[in-house]
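**Q** Questions regarding the structure given below will be posed in turn.
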Amino acid sequence: MKILILSLLISLILGPIVIPILVRLKAGQSIREDGPQSHLKKSGTPTIGGIIFITATIITLLITGYFTKNLIPILSMLGFGLIGFIDDFIKVVLKRNLGLTAKQKILGQIIVSLGIGLMVNAEIGSSLIIPFFKSEIDLGILFIPFIMIVMIATSNSANLTDGLDGLATSVTIIILGAFALISKKYSDLNTMIFAIALIGACIGFLRVNINPAKVFMGDAGSMALGGAVVGIAMVLRLEILIPIIALIYFIESLSVIIQVMYYKKTKKRVFLMAPIHHHYEHKGMTENQIVFAFSFISLILGIISYFVV
């Protein structure tokens, strides 16, 4: 509880410091004209706010002495967060609309995931726990390519989830809460502390990110959250659990894949707009209703995940 309160307070303190800096840098978010019309009023809202909860988490872990005990999830969070930060900085500060090219972004993700994958393989091994069956499987030489795919998919899926005020933050807080309880179940104090520190930092960030958001987390924040989630899963050897515990991430990602593939074949759309949270906006749901519904689903998935591992 002390860890949670500390990271929460640091995050709350950083918000009023970081947001004016982002405003001075003119780091305002550009809003898609073909997106929901209700989002147009958000144009100019400062972004790259993910540095608030990332910094709060790191400071908390340094103060409490748990930084070096959580290098894998920290490096995973920072590695993917850095890629997102560079993309954000190019787009909103340097005003180059495209940011990193798709090739540059995927190359960065490959480098980060390969480095961390090798680290996990060396320190933890190549065996995974299979949920439901509670048995193990050793992937051997297939572990590195497998873990790279999982890391890149999770980070990009978390990125797609960040499309409504407070959505990615709220969903991830619940995912982290479930992982904290699972860590306690596995008697892994260090990983539990990391999850709790990030939860506190995200709750503090939610104060300025909930609708109407005063700041967006940007790719720096959403990719960092995806990296943190998969980092925790790797330490616990529960990578196979990610599609269950973080199903909302992958529904968001899958909705985009389905939309693009179906449109290329038929010139018709499955969803009114993708990712799927925008589909429900077009159906008449408010942002807060969608955030609540997706968070509730994540809560159910978190409870299921706790009992199947």
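Note that this note's numbering has the sequence shown beginning at 1, numbered continuously upward. C-beta: ideal position from N, C-alpha, C; glycine also. These figures come from a predicted structure and were not determined experimentally.
If contact is defined by three or more beta carbon pairs under 8 Å, each pair taking one atom from either stretch, is the stretch 56-63 in contact with the stretch 93-106?
**A** no
**Q** In the structure shown, what three-state DSSP assignment does Leu118 receive?
**A** helix
**Q** In chain order, what residues of the same chain lie with their CB nearer than 6 Å to the CB of Val215, ignoring the 5 residues before and after it?
**A** Ile19, Pro46, Gly49 and Val208
**Q** Could you say if the stretch 265-273 and the stretch 196-206 meet the contact criterion of at least three C-beta pairs nearer than 8 Å?
**A** no
**Q** Which of the three DSSP states, helix, strand or coil, is assigned to Asp87?
**A** Here Asp87 carries a helix assignment [DSSP, helix/strand/coil].
**Q** Indicate the three-state DSSP secondary structure (helix, strand or coil) for Ile193 in the structure shown.
**A** helix
**Q** Please state whether DSSP places Ser127 in a helix, a strand or coil.
**A** strand
**Q** Does the stretch 62-74 come close enough to the stretch 238-245 to have 3 or more Cβ pairs within less than 8 Å?
**A** no
**Q** With a threshold of 7 Å on Cβ separation, who are the neighbours of Met223 within its own chain once the five nearest residues in sequence on each side are excluded?
**A** Taken in chain order, the residues that qualify are Phe80, Gly81, Ile83, Gly84, Ser155, Ala158 and Asn159.
**Q** The alpha helix (DSSP H) with Asp219 in it runs from where to where?
**A** That run of the alpha helix (DSSP H) goes Gly218 to Leu236.
**Q** DSSP three-state label for Ile137, please.
**A** Reduced to three states, the DSSP call for Ile137 is strand.
**Q** Just mark Arg237 as buried or exposed, buried being the case when its beta carbon has 16 or more other beta carbons within 10 Å.
**A** buried
**Q** Can you list, in chain order, the residues of its chain whose CB lies under 8 Å from that of Gly140, leaving out five sequence neighbours each side?
**A** Excluding residues within five positions, the ones whose Cβ falls inside 8 Å are Ser126.
**Q** Looking only at its chain, what residues have a beta carbon closer than 6 Å to the beta carbon of Tyr249, apart from the 5 residues adjacent to it on each side?
**A** Ser157, Ala158 and Thr161
**Q** Expressed to the nearest angstrom, what Euclidean distance is found between the alpha-carbon atoms of Ile110 and Ala228?
**A** 16 Å
**Q** Can you give the Cα-Cα distance for Phe307 and Gly284, rounded to whole angstroms?
**A** 35 Å
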